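Heads up: the protein sequence lines correspond to chains A and B, in order.
Counting with this note's numbering, you get residues 386 to 721 for the letters of the first sequence.
Counting with this note's numbering, you get residues 386 to 721 for the letters of the second sequence.
Here is the structure we will look at, set down as structure tokens.
Protein chains: 2
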Amino acid sequence: MSLPTQTREIVLASRPNGAPTPDNFRLVERDLPALQDGEILVRNTVMSVDPYMRGRMNDVKSYVPPFQIDQPLDGGAVGTVIASRAEGFAEGDSVLHGLGWRDVAVLPGARASKVDTADFSDSAYLGVLGMPGLTAYAGLMAAAEFKAGDAVFVSGAAGAVGSLVGQIARLSGASRVVGSAGSAEKVARLKDLGFDAAFNYRDGAVRDLLKQAAPEGIDVYFDNVGADHLEAAISSMKLDGRIAMCGAIAQYNATEPACAPRNLTLLIGKRITMRGFIVSKYNDLQQEFRQTVGPWLADGSITWDETVREGLDNAPQAFIDLLAGANTGKMIVRLD
Amino acid sequence: MSLPTQTREIVLASRPNGAPTPDNFRLVERDLPALQDGEILVRNTVMSVDPYMRGRMNDVKSYVPPFQIDQPLDGGAVGTVIASRAEGFAEGDSVLHGLGWRDVAVLPGARASKVDTADFSDSAYLGVLGMPGLTAYAGLMAAAEFKAGDAVFVSGAAGAVGSLVGQIARLSGASRVVGSAGSAEKVARLKDLGFDAAFNYRDGAVRDLLKQAAPEGIDVYFDNVGADHLEAAISSMKLDGRIAMCGAIAQYNATEPACAPRNLTLLIGKRITMRGFIVSKYNDLQQEFRQTVGPWLADGSITWDETVREGLDNAPQAFIDLLAGANTGKMIVRLD
């Protein structure tokens with residue numbers, strides 16, 4: 386079978402103003418460069434859409450450089466090596482790499498890592514075994530300094546990161562695990578996953594819903610949402626509580642800067658530590674993460690959900706829907 | 386000379402709504418109880434007015450219980466023992482204790498600590514050697530995790546705590562020390578104290594003023610002010626920066642909850658840790674504080690200022706003026 390000489394890829398057609406729309410994206414075909422020494426040619430089987438990508442669509446300085454207009458988007462993907470001029474990679478290998486949003490990618494072998502798809506699906510490496518998994522583990526353990534006995538609240542709890550935070554906390558000795566999500570179905574799913582309490586944030590004021598779900602207060606808040614969720618968590622927080630700021634999906638599509646929690650000065654009297662983080666800060670916890678969480682995955686103690694869309698041309702809509710909360714668990718786009 | 390049987394004291398006449406006014410306070414005379422075993426009778430020579438007292442005038446649950454209507458206020462004071470039925474205390478001893486806002490106090494000896502007024506004035510124990518001193522030291526070292534080479538910004542820098550934070554940072558190897566204050570005179574004083582840069586926050590947008598004063602950004606922010614100061618500090622903060630939240634004097638007199646910094650989500654990408662604290666959390670650092678800072682006081686490396694008002698009847702106005710920023714250094718009311 387002859388090797389592909391072209392790829393289809395999604396480029397950023399224009400920067401979103403507020404929530405992204407389909408016309409911010411464009412599917413193009415592009416010639417692939419000839420394979421150089423040290424490079425591999427990969428046919429992607431799955432790609433990731435993640436909330437953090439929304440920030441990269443704005444033209445602002447941040448911890449990762451912004452996407453450029455008319456240039457392809459990128460992000461996590463798993464694929465099969467179809468040609469290799471890189472040592473250590475052979476045709477048929479499954480690899481995790483950073484050139485998603487396209488069918489076929491050419492990249493240095495040094496920027497790919499081989500993954501074993503015998504025990505876990507390719508998509509697991511974009512979720513529970515990948516960046517979202519480490520984000521959940523390191524955010525809870527390092528950023529929020531979790532300890533056994535803590536009462537934990539996580540927002541966006543039905544998402545890829547949040548659902549793991551809750552389960553890791555439960556398995557690590559949390560006294561209570563509370564999650565919030567955006568639908569009755571998601572709330573039901575959280576209870577299946579072993580959350581002690583869960584609520585639909587659309588059912589009322591988050592502050593009240595959280596007080597009902599955690600009447601004795603919380604020690605740890607893992608924030609994926611920001612805004613009124615953060616304010617509610619500060620209100621319910623006990624002395625010496627800790628907040629890991631992981632994301633602020635409520636604000637990603639905002640066109641005006643949000644008025645942040647109005648009760649922020651409570652951090653003083655309650656002696657609260659609030660720590661923002663991005664997962665790359667905790668790459669040194671990768672091994673500990675796999676050693677701790679791996680067995681829980683293998684024996685079924687941890688369950689993970691995926692919401693799967695099919696085809697590269699549906700990737701923009703998958704991303705748009707992710708930001709609107711359409712996913713339960715990891716949102717994946719399958720390309721094979 | 387016969388012992389006093391009465392004291393004059395300031396009671397809370399009514400709760401302030403916004404900025405306190407003189408009619409929120411009332412000077413009363415009250416009979417003193419007979420001295421019991423274990424107690425001492427103290428004639429106060431100096432008393433403290435501190436920003437945190439404003440919070441205690443509201444009827445809300447906080448880390449210290451609220452003051453009660455028609456009951457005396459309290460707070461730090463130094464006085465002379467004029468009668469003692471407590472072991473270890475003799476007539477003429479100088480003691481630090483918590484029953485300020487009155488001329489004469491009766492209290493258990495266990496609630497007083499003897500101080501040496503040979504080397505330092507009585508009022509030093511209410512400031513540089515007392516609660517504000519430990520607040521500055523522990524807030525900088527423990528809450529903000531200061532390390533040599535950090536660029537440090539402190540707001541309320543001409544105040545009792547802020548002026549010490551800046552000087553301790555400079556003496557501990559800060560790469561740059563920046564302070565903000567509310568008048569040109571205070572700014573000039575900060576430069577005398579060795580601040581590398583200082584600005585009057587009334588001269589423009591704090592965000593712009595801070596960027597001029599610290600063009601390469603800051604690693605540590607010691608917050609005494611809150612509001613736009615906190616937003617500016619987040620904006621100027623470098624990767625892995627740390628914020629110690631000590632006070633929020635800009636908001637103490639607010640009748641509406643403030644809209645907190647609109648850029649709070651920057652904590653994520655900048656991996657910022659923000660830690661609220663009250664000094665009692667760090668009582669275990671008392672000895673380290675005295676060992677570190679004591680020599681700097683003795684050899685003149687650290688300078689401290691006082692703003693002194695005379696007489697118990699002027700204490701309410703001293704407190705009102707403190708909240709309006711009338712003090713340079715520690716605001717003291719002298720009672721002798």
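The beta carbon of each residue, even a glycine, is placed where N, CA and C say it ideally should be.
Remember, it's a predicted structure, so these values are computed and weren't measured experimentally.
Check                                                                                                                                                                                  : Outcome
Mind checking whether B:Val513 and B:Leu682 have CB atoms under 8 Å apart?                                                                                                             : yes
Would the segment 590–607 of chain A and the segment 568–576 of chain A be scored as touching if the rule is three or more Cβ pairs under 8 Å?                                         : no
Quick check: the segment 478–490 of chain B against the segment 450–460 of chain B, are there 3 or more CB pairs under 8 Å?                                                            : yes
How big is the Cα-Cα spacing for A:Leu575 and A:Val562?                                                                                                                                : 10 Å
Tell me B:Arg561's beta-bridge partners as DSSP assigns them.                                                                                                                          : B:Ala536
Inspect the CB distances between the segment 527–537 of chain A and the segment 659–673 of chain A and report whether three or more fall short of 8 Å.                                 : yes
Is B:Phe704 near B:Pro405, with beta carbons less than 8 Å apart?                                                                                                                      : yes
Per DSSP, what kind of secondary structure is A:Gly439 in: helix, strand or coil?                                                                                                      : Looking at the sequence provided, one finds Arg at residue 439 of chain A rather than Gly. A:Arg439 falls in the helix class under three-state DSSP.
Secondary structure at A:Ile619, three-state DSSP: helix, strand or coil?                                                                                                              : helix
Mind checking whether B:Ala521 and B:Leu481 have CB atoms under 8 Å apart?                                                                                                             : no
Which residues in chain B sit within 8 Å of A:Ile657, going by Cβ to Cβ distance?                                                                                                      : Arg660, Gly661
I'd like to know whether the C-beta of B:Ala545 is nearer than 8 Å to at least one C-beta of chain A.                                                                                  : no
Would you say the segment 496–504 of chain A touches the segment 601–620 of chain A, given that touching needs at least three Cβ pairs under 8 Å?                                      : no
For B:Ala617, tell me which candidate among B:Phe538, B:Arg428, B:Asn443 has the shortest Cα-Cα distance.                                                                              : B:Phe538
Interface residues of chain B around A:Pro642 at Cβ under 7 Å?                                                                                                                         : Arg647, Asn648
Could you tell me whether the Cβ of B:Gly611 comes closer than 8 Å to any Cβ of chain A?                                                                                               : yes
Might you give, ordered along the chain, the residues of its own chain that have their beta carbon closer than 8 Å to the beta carbon of A:Gln671, omitting 5 neighbours on each side? : Leu519
Between the segment 627–641 of chain A and chain B, which residues of the former have a C-beta closer than 8 Å to a C-beta of the latter?                                              : Met630, Cys631, Gly632, Ala633, Gln636
8 Å is my cut-off, CB to CB: does B:Gly423 come that close to chain A?                                                                                                                 : no
With a threshold of 8 Å between beta-carbons, can A:Leu412 be considered close to chain B, or not?                                                                                     : no
Within the same chain, show all residues whose beta-carbon is closer than 7 Å to that of A:Lys623, passing over the 5 residues directly before and after it, in chain order.           : Gly602, Ile603, Asp604
Of the residues A:Thr430, A:Val396, A:Asn409, A:Pro389, which one's Cα is nearest the Cα of A:Ala419?                                                                                  : A:Pro389
Which stretch, first to last residue, makes up the beta strand (DSSP E) that contains B:Leu397?                                                                                        : 391–397
Does the beta-carbon of A:Asp435 have 16 or more other beta-carbons within 10 angstroms, so that it is buried, or is it exposed?                                                       : buried
Under 7 Å Cβ to Cβ from A:Asp444, same chain only, skipping five residues before and after it: list those, please.                                                                     : Arg400, Pro451
Quick check: the Cα distance between A:Leu651 and A:Ala599, rounded to an integer number of angstroms?                                                                                 : 18 Å
Given A:Ile717, which residues of its chain have a CB within under 6 Å of its CB, disregarding the five upstream and five downstream residues?                                         : Val431, Ser508, Glu691, Val693
Check whether the Cβ of A:Gly328 lies closer than 8 Å to any Cβ atom in chain B.                                                                                                       : Residue 328 of chain A lies beyond the range of chain A shown here (386 to 721); nothing can be said about it.
Hey, does B:Lys666 have any beta-carbon neighbour from chain A nearer than 8 Å?                                                                                                        : yes
Using the C-alpha atoms, what's the distance from B:Leu417 back to A:Thr658?                                                                                                           : 44 Å
Return the chain-ordered ranges of every beta strand (DSSP E) run that is complete within the segment 535–610 of chain B and spans a minimum of 3 residues.                            : 536–539, 561–566, 582–585, 603–608
Locate the alpha helix (DSSP H) running through B:Ala700, then write down its first and last residues.                                                                                 : 700–708
Less than 8 Å between the CB atoms is what I'm expecting for A:Ala633 and A:Ala583, so what's the real figure, rounded?                                                                : Rounded, the Cβ-Cβ distance is 20 Å, inconsistent with contact.
What is the DSSP secondary structure of B:Ser508, reduced to helix, strand or coil?                                                                                                    : helix
Under 8 Å between the Cβ atoms of B:Met630 and A:Ile653?                                                                                                                               : yes
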